[in-house]
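Heads up, the sequence shown is in full-length UniProt numbering, so the first residue is 1 and it goes up one at a time. Ideal placement from N, C-alpha and C gives every residue a C-beta, glycine not left out.
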Amino acid sequence: MAAMATVPSYTPSLWVRMCHALPRLDLTMTMRDNLFIPDSWEYQQTLLVLSSLSAIALVLSLLVIISFLIHYCCCRRGDRSEGSEEEEEDEEGSTGHGYGGKKGRGICCITWVSVAAVTLCCVAVGVGFYGNSEANDGIYQLTSSLLTANYTLASIDLLVSDTISGLQLSIAGPLTTMEELFTGSKPYLVSTRNCRRLSENVVFLLTSLTMARSSDGGAWNSSNNSGDPPIAALTPVPPSMAPTVAPVGGVMPSPFSPGWAANTLMVNEDYRWLSYVLLLLLDLLVCLFILLGLAKQVRWLLILMTVLAWLALFLSWGSLGLETATVVAVSDFCTDPNTFVLNSTHFNSGTSSDVLDYYLTCSRRMNSPFQQLLTQSQRALSSIHTHLSSLDRNALPQVPKAEKSLREVQQILNATEGNFHQLVALLSCRGLNKDYIDSLKGLCYDGMEGLLYLSLYSFLSALAFTAILCSLPGAWRSFPSDSEEYEDSDSESEDPFTSHQACRQPAVGSQRGALPPFYNYQGAGWTPPFSSAPPLPTLPAC
């Protein structure tokens, strides 16, 4: 793209070109081109097909989870049918602080799979926070550029309206009074009428900038003598992007308004950013509470987190579908944005393609489409200034009463010339083209990068929750229930003399519930294990 040396150029990034090169299929599986035409149903079908890939991935995830659950249930039934002998062998090889044998190894594997999946989920959450921040920065730069362009257009609108209002005031007031005073002097009357004619010519040239909104009620012209022109109709053609005030409703105005676009983007971005923050916090809390449940072996907490993991799984795959369609659409636009703007009816309504191309490219080889209009207006203002100077030198000595009206006309002319110079500077392509380039960089660089990171987050979190849902039910079902813990506590508390000592010094290799070597029962009497004294006599039975 040809651009001026003072205006930074824009080139599509590598990610934009890669996403733009993806093949496109419609609902009938027919290949389509990748031109950005958002209003076309064929183009919308290609985005729907790309979004449906996440739905297919969701179905595959559900099949994998269901297959794991079925396999787990079948294996658990098989373990129960093996009998109590293998369970006793596993219990004999286990210590008081865990599980041993085949059962212990299975539980350990399930637990570590859950921990690895939770770790992957935490990594995905970190990627999501970074991508959400990048996308927000890109949209912020886009809205800032649109607001700056809207301020420029509003300034042009204000300058045009002030200039036309001032010239119309001079035509209806001081110039009319001067014509009445110079009725008896034909040379002075001719000069005054020339000033009036030139002022009307400048008004007509400036109102030609407002023809972009002639369909909204018509532009004010020099034949309208009933008061000041309506300011709402004074929208300059160069931008053709007025009205600067956002219209009521959510329908895009025609012609396009950067102020409306900026306000709409800011509102939608606030909701988007907040939605992603809530989704990221949900995933993070689920991961943290899963780790807590595994560490504390809290069954009800893991059951609750399993339910929330199902919700997070559906949200992850759903957000991935939306992000895929958005990434592809943004890449199609960012590949050749000028073509879309030139061909879109929202941008070129009432504006020639030459004017739009001038502001979009700002090429050194292109001349301003307003050069002739501005030159004619400048010459007319210079001629008015010459006539007023001649009247100041020659007419005032003879007609002193005309001094007040002449000074008013000169004051209005000075203000008009000042506004005109500012208008010439604002109509230059440099300012608006810089805003256009900045908006493209915000959307196609930072915004695109943020969307790609969010897509990666959704994919990783979906994989993590798939693994969590496959392993978590096996983990929480392997925890001892409350009844089992109660039975263990009852068996340990049957002998109040040995329960506490057994906990303090368990015998290595002894079975669960075996007596420690502090006691050696012999019938109805007992003998200390390390004592050489003879046993106590046995008491007769009652």
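In the DSSP secondary-structure assignment, M31 is bridged to L25. Per DSSP, the continuous alpha helix (DSSP H) segment holding K296 begins and ends at 258-296.
Contact between the stretch 288-296 and the stretch 137-147 is not established, with fewer than three Cβ pairs separated by less than 8 Å. Straight through space, the alpha carbons of A55 and L209 are spaced by roughly 51 Å. In this structure Y10 is buried. Its beta-carbon is surrounded by 16 or more other beta-carbon atoms within 10 angstroms. Around the beta carbon of W41, fewer than 16 other beta carbons lie within 10 angstroms, which makes this residue exposed. Just measuring C-alpha positions, the residue of F420, R393, A462, V277 sitting nearest S382 is F420. If you look at N367, you'll find it isn't in any alpha helix (DSSP H); DSSP assigns it neither H nor E. Proximity of the stretch 459-471 to the stretch 174-190 falls short of the contact definition, fewer than three beta-carbon pairs being nearer than 8 Å. For C444, there is no enclosing alpha helix (DSSP H), as DSSP marks it with neither H nor E. Here DSSP, grouped into helix, strand and coil, assigns D137 to helix. Straight-line measurement puts the Cα of V203 at about 10 Å from the Cα of S161. In this chain, L427 is not harboured by any alpha helix (DSSP H), its DSSP state being neither H nor E. The straight-line gap separating the alpha-carbon atoms of P174 and R379 is approximately 21 Å. The shortest C-alpha to C-alpha distance from G431 to any of G447, A149, R272, L274 is the one to A149.
Sorting S405, C19, I437 by C-alpha distance to the C-alpha of T176 places S405 at the top. The DSSP-derived three-state label of G173 is coil. Non-local beta-carbon contacts of G474 in its own chain, meaning distances under 6 Å to residues more than five positions away in sequence, involve Y72, I110 in chain order. T326: member of the alpha helix (DSSP H) spanning 299-335, first to last residue.
If the five residues before and after Y358 are omitted, its C-beta is found closer than 7 Å to the C-beta atoms of M366, S368, P369, C429, all from its own chain and listed in chain order. Fewer than three pairs of CB atoms, one per stretch, sit closer than 8 Å, so the stretch 155-172 makes no contact with the stretch 268-284. If you check the CB distance, S155 and G450 do not come in under 9 Å. It is roughly 28 Å from the alpha-carbon of V267 to the alpha-carbon of A462.
Between the alpha carbons of Y130 and K296 lies a gap of roughly 32 Å. Taking 9 Å as the cut-off, the Cβ atoms of A135 and S471 do not count as close.
The alpha-carbon separation between F314 and C122 amounts to approximately 17 Å.
E417 and L388 have their C-alpha atoms some 14 Å from each other. Cβ-Cβ distances below 8 Å link A325 to L47, L48, L50, S51 in the same chain, with the five nearest sequence neighbours on each side left out; the list follows chain order. Closest option to L413, judged by alpha-carbon separation, among Q45, L198, M31, T361: L198.
In this structure, S61 lies near W317, with their beta-carbon atoms less than 9 Å apart. Counting C-beta pairs with one atom in each stretch, the stretch 442-457 and the stretch 328-342 have three or more that are closer than 8 Å, which means they touch.
Rounded to whole angstroms, the gap between the alpha carbons of T375 and K186 is 30 Å. The Cβ-Cβ distance between N34 and L22 falls below 9 Å.
Within the model, the alpha-carbon separation for Q141 versus T28 is close to 39 Å.
Per DSSP, L356 is one residue of the alpha helix (DSSP H) stretching across 353-361. In summary, E323 is buried, with 16 or more beta-carbon neighbours lying within 10 Å of its beta-carbon over all protein chains present.
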